[in-house]
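Novice:
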Amino acid sequence: MSPGLILKYLADLSRRVKAAFLVCFDFVVLCFAMLLAFAVRFDPSTLEQHFRTLSEGIWALIAVQMLALFISGLYRSVLRHAGSELLVLLLRSILLGAGLFALMDLMLEEYHIPRSVIVMSTAFSFLGLLSIRLMIRWVVRLHVVEPQQREKLQRVAIYGAGSAGLQLYESLRQEGTYQLAAFVDDNPKLQGGRIREKSILSFSGLQTLHANNPLDWVLLALPGVKHEQRKNILQKIRLLKVGVRVLPTADQLMRGTADASQLQEVDIADLLGRDEITPDEELLHQDIDGQTILVTGAGGSIGSELCREILRNSPKLLVLLELNEFSLYHAERKFRSLSSIPIVPCLGSVQDSSLVKSLLHDHKINTVYHAAAYKHVPLLEGNPLEGLRNNSLGTQTLVKKCIEANVSAFVLISTDKAVRPTNILGASKRIAEMIVQDTARRFPDRRIGIVRFGNVLDSSGSVVPLFREQIKKRMPITVTHPEITRYFMSIGEAARLVIQAGAMSKNGEVFLLDMGSSVKIRDLALQMIELSGLIPEKDIPLQFTGLRPGEKLYEELLIDPAQSQPTRHPRIYSSEEPLPESEVLHKEIQLLSEAISKRDLNSALDSMKRLVPEYNQDNGQ
Numbered sequence: 007m008s009p010g011l012i013l014k015y016l017a018d019l020s021r022r023v024k025a026a027f028l029v030c031f032d033f034v035v036l037c038f039a040m041l042l043a044f045a046v047r048f049d050p051s052t053l054e055q056h057f058r059t060l061s062e063g064i065w066a067l068i069a070v071q072m073l074a075l076f077i078s079g080l081y082r083s084v085l086r087h088a089g090s091e092l093l094v095l096l097l098r099s100i101l102l103g104a105g106l107f108a109l110m111d112l113m114l115e116e117y118h119i120p121r122s123v124i125v126m127s128t129a130f131s132f133l134g135l136l137s138i139r140l141m142i143r144w145v146v147r148l149h150v151v152e153p154q155q156r157e158k159l160q161r162v163a164i165y166g167a168g169s170a171g172l173q174l175y176e177s178l179r180q181e182g183t184y185q186l187a188a189f190v191d192d193n194p195k196l197q198g199g200r201i202r203e204k205s206i207l208s209f210s211g212l213q214t215l216h217a218n219n220p221l222d223w224v225l226l227a228l229p230g231v232k233h234e235q236r237k238n239i240l241q242k243i244r245l246l247k248v249g250v251r252v253l254p255t256a257d258q259l260m261r262g263t264a265d266a267s268q269l270q271e272v273d274i275a276d277l278l279g280r281d282e283i284t285p286d287e288e289l290l291h292q293d294i295d296g297q298t299i300l301v302t303g304a305g306g307s308i309g310s311e312l313c314r315e316i317l318r319n320s321p322k323l324l325v326l327l328e329l330n331e332f333s334l335y336h337a338e339r340k341f342r343s344l345s346s347i348p349i350v351p352c353l354g355s356v357q358d359s360s361l362v363k364s365l366l367h368d369h370k371i372n373t374v375y376h377a378a379a380y381k382h383v384p385l386l387e388g389n390p391l392e393g394l395r396n397n398s399l400g401t402q403t404l405v406k407k408c409i410e411a412n413v414s415a416f417v418l419i420s421t422d423k424a425v426r427p428t429n430i431l432g433a434s435k436r437i438a439e440m441i442v443q444d445t446a447r448r449f450p451d452r453r454i455g456i457v458r459f460g461n462v463l464d465s466s467g468s469v470v471p472l473f474r475e476q477i478k479k480r481m482p483i484t485v486t487h488p489e490i491t492r493y494f495m496s497i498g499e500a501a502r503l504v505i506q507a508g509a510m511s512k513n514g515e516v517f518l519l520d521m522g523s524s525v526k527i528r529d530l531a532l533q534m535i536e537l538s539g540l541i542p543e544k545d546i547p548l549q550f551t552g553l554r555p556g557e558k559l560y561e562e563l564l565i566d567p568a569q570s571q572p573t574r575h576p577r578i579y580s581s582e583e584p585l586p587e588s589e590v591l592h593k594e595i596q597l598l599s600e601a602i603s604k605r606d607l608n609s610a611l612d613s614m615k616r617l618v619p620e621y622n623q624d625n626g627q
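Take the sequence shown: its position 420, counted from the start at 1, is 426 in our numbering, and no numbers get skipped.
(1) Tell me which same chain residues have a C-beta within less than 7 Å of the C-beta of H87, skipping the five on either side of it?
(2) Taking the continuous beta strand (DSSP E) assigned at A433, which residues delimit it?
(3) Let's see if you can read the secondary structure: which residues bound the alpha helix (DSSP H) around S177?
(4) Under 8 Å: do the region 526-535 and the region 391-404 share three or more Cβ pairs, one atom per stretch?
(5) Could you tell me the distance, in whole angstroms, from the CA atom of N372 to the CA atom of V362?
(6) Mind the definition here: the region 474-487 touches the region 538-547 only if three or more C-beta pairs lie below 8 Å; say whether that holds.
(7) In or out: V417 buried (at least 16 other Cβ within 10 Å) or exposed?
(8) I'd like the list of long-range same chain contacts for L540, defined as Cβ closer than 6 Å, with 5 residues on each side in sequence excluded.
(9) Grab the span of the alpha helix (DSSP H) containing Q476 for me, first residue to last.
(10) Shortest alpha-carbon distance to A438 belongs to which of G400, R474, L106?
(11) Determine the burial state of L140: buried for a count of at least 16 other Cβ atoms within 10 Å of its Cβ, exposed for fewer.
(12) Where do the ends of the alpha helix (DSSP H) carrying I527 lie?
(13) Spatial neighbours of Q623 within its chain, please: C-beta separation below 8 Å, excluding the five flanking residues on both sides.
(14) First and last residue of the beta strand (DSSP E) that includes G306?
(15) Measuring only the C-alpha atoms, how far is P576 from R202?
(16) Can you tell me whether K204 is helix, strand or coil according to DSSP?
(17) Smallest Cα separation from L41: which of L106, L404, F130?
(18) Since Q213 is in the alpha helix (DSSP H), which residue starts that stretch and which ends it?
(19) Indicate whether R492 and E561 have their beta-carbon atoms separated by less than 8 Å.
(20) Measuring CB atoms only, is the region 372-391 touching the region 408-427, in the sense that at least three cross pairs come out at less than 8 Å?
(21) Can you tell which of K237, G166, Q173 has the C-alpha that lies nearest to the C-alpha of L212?
(22) Am I right that L226 and I239 are in contact with their C-beta atoms under 8 Å? What's the rounded C-beta distance?
(23) Within 10 angstroms of the Cβ of L329, are there 16 or more other Cβ atoms? Answer buried if so, exposed if not.
(24) At the level of alpha carbons, what is the spacing between A531 and L591?
(25) Between the C-alpha atoms of S359 and G522, what's the straight-line distance to the nearest angstrom?
(26) Can you look up Q506 in the DSSP assignment and give me helix, strand or coil?
(27) DSSP on T551, reduced to helix/strand/coil?
(28) In this structure, does DSSP put L344 in helix, strand or coil?
(29) Terminal residues of the continuous alpha helix (DSSP H) containing G400?
(30) What residue from E410, S320, Q270, R502 has the CA that sits closest to T445's CA?
(31) Is the region 601-616 touching the region 381-395 in the sense that three or more CB pairs, one from each, lie closer than 8 Å?
(32) Write down the C-beta distance between F517 and I578 rounded to the nearest angstrom, noting that I regard them as a contact closer than 8 Å.
(33) Quick check on the burial criterion: 16 or more other C-beta atoms within 10 angstroms. Buried or exposed for I77?
(34) Can you look up M126 in the DSSP assignment and give me helix, strand or coil?
(35) Throw me the rounded Cβ distance for the V618 and A379 pair, which I believe falls under 8 Å.
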């Protein structure tokens, strides 16, 4: 057995056993100290004689000193973690022992040990006891503690040898939980150099390094690179089968959603590989700067991000309408910490006609962003009447009161599920779109628009938070179908595009946000597993659960793709969607409303199907 293993075995013994070993060591030290004191005090030729004469006193002194060590609590302290207090405790213990013996000798007058011997043995004992403890600490630290610490250190490489990489390295050194193996950079001019005695490697060098001595993580320190470049780097790192953590992007730092030194999980937006186009500042400010704004569903994912963007564009007043009490409370606290602009939180529903009327008139609202909606597909399949009541009739109530209150601009936030819908969510939102379109047709002097887009990354209903939770718990990742695809967009980009699209609205246009290429959910799940440093199917399996009620395999953004037209913004398109005559529409909406009031599900669904003839519950298969 190696010395290291022996020491580790001894270190793992119970405190009582280790204390017993230490008592034995201390006894030997005290005996040796006494011997040394006698050797110094007396002539070597008479040393044996003095030992015989004073043997009782010698053993009495040693016994008193051992007793003092116990009384002082020396053996209750944890030697491994003892600091400067150890010195004080030892000194106190030794002096206590010497004092007790001197008092006992004075009272009994029978031991006659020279005071010089007592003083010297006390000094030698202190040095000996201290030395043995320091030696034990050093040996344990060298052969037990430090190897254990090294085992716990996570071996990493920093991808990016610029200033961000250097700052990250300094932060890691202070933290003490990572061991840096090397820097990596794609710049040939930097490759082969060194930073803080750490080599700068190419990606091929990183592959070799990882093959010879596996890494735990690759830390991406490239906050300023484009999404496309980040995506390419991440795709390369995936080949290594190693976990990835990243520094926040420049956009995240600018928006204040992340700290510069904060390592985080890979932003799923990086996997999309699409760079955001610089917003049109004129469009961002047009309906917000100096205006009073109402956002419905302000506590939801889209609504709260809209509020954050609105506050950056200097509104006069922001009114938050939210049905969920906790969401409203959380949103208000968050927004007040971001801005000094007046904020009015209001708890309630867009279905409450009197409440909506009061809000619009009392605050003289100029612009309304309607984000409030029930949007969880399976839940709405089980609660169709509530989905239709809130999403469709709630929109009717809101837009009607906006017209009565002379609101300048109204923007409905819709979904790609409204195109040839296969579920209650899509059908209810398509009816909401038609209500808004008809209102715009009847009131051409008002600016009313609709913005339609796909899934928003990290929204409350997105698969991304679910996948993250499943990966964290090492649970199987649940995917409904191996071929299911979705369009994705970052929540910040979606909010900015909604504001810009709304500013371009004139007469009920449906604005479509360029969502890029569709993403296969299965591939997204695999990438998230691999970039977490895990192996799909080995560490975390994929579990296909089957399409949920009302769920589509593929989403669309247009009813008729031939109707799309470009706008002044390269990521926004407009379309004029087909619309029934106002009389026909109003009649069916009235029938729908009556059926919902009576809780007549069959009649409500019949009205819904007449309003949305393209609705087909089976066309997602």
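In this text, a Cβ means the ideal position worked out from N, Cα and C, and glycines have one as well.
Specialist: Once the coordinates are examined:
(1) Residue confidence for H87 is low, a pLDDT of 48 falling below 50, so the modelled location carries little weight; the figure read from the coordinates is stated next. Within the same chain, H87 has no close Cβ partners at all.
(2) Per DSSP, A433 belongs to no beta strand (DSSP E); it is in the alpha helix (DSSP H), 430-448.
(3) 169-181
(4) Flag = no, the region 526-535 and the region 391-404 do not touch.
(5) Roughly 14 Å separates the two Cα atoms.
(6) Two segments are said to touch when three or more pairs of C-beta atoms, one from each, lie closer than 8 Å; by this definition the region 474-487 touches the region 538-547.
(7) buried
(8) I546
(9) 469-478
(10) The option with the nearest alpha carbon to A438 is G400.
(11) exposed
(12) 527-536
(13) T428, N429, G556
(14) Here G306 belongs to no beta strand (DSSP E), and DSSP marks it neither H nor E.
(15) Here the alpha carbons of R202 and P576 stand approximately 45 Å from one another.
(16) strand
(17) F130
(18) Per DSSP, Q213 belongs to the alpha helix (DSSP H) from 209-218.
(19) yes
(20) Contact between the region 372-391 and the region 408-427 is present, with at least three C-beta pairs closer than 8 Å.
(21) G166
(22) Indeed, because the Cβ distance is near 7 Å, the residues count as touching under 8 Å.
(23) buried
(24) Take the alpha-carbon of A531 and the one of L591: they are about 42 Å apart.
(25) 39 Å
(26) helix
(27) In the three-state scheme derived from DSSP, where H, G and I count as helix and E and B as strand, T551 is classed as coil.
(28) helix
(29) 400-410
(30) E410
(31) Output reads yes: the region 601-616 touches the region 381-395.
(32) That pair is a contact at about 6 Å.
(33) exposed
(34) helix
(35) About 16 Å separates the two Cβ atoms, so there is no contact after all.
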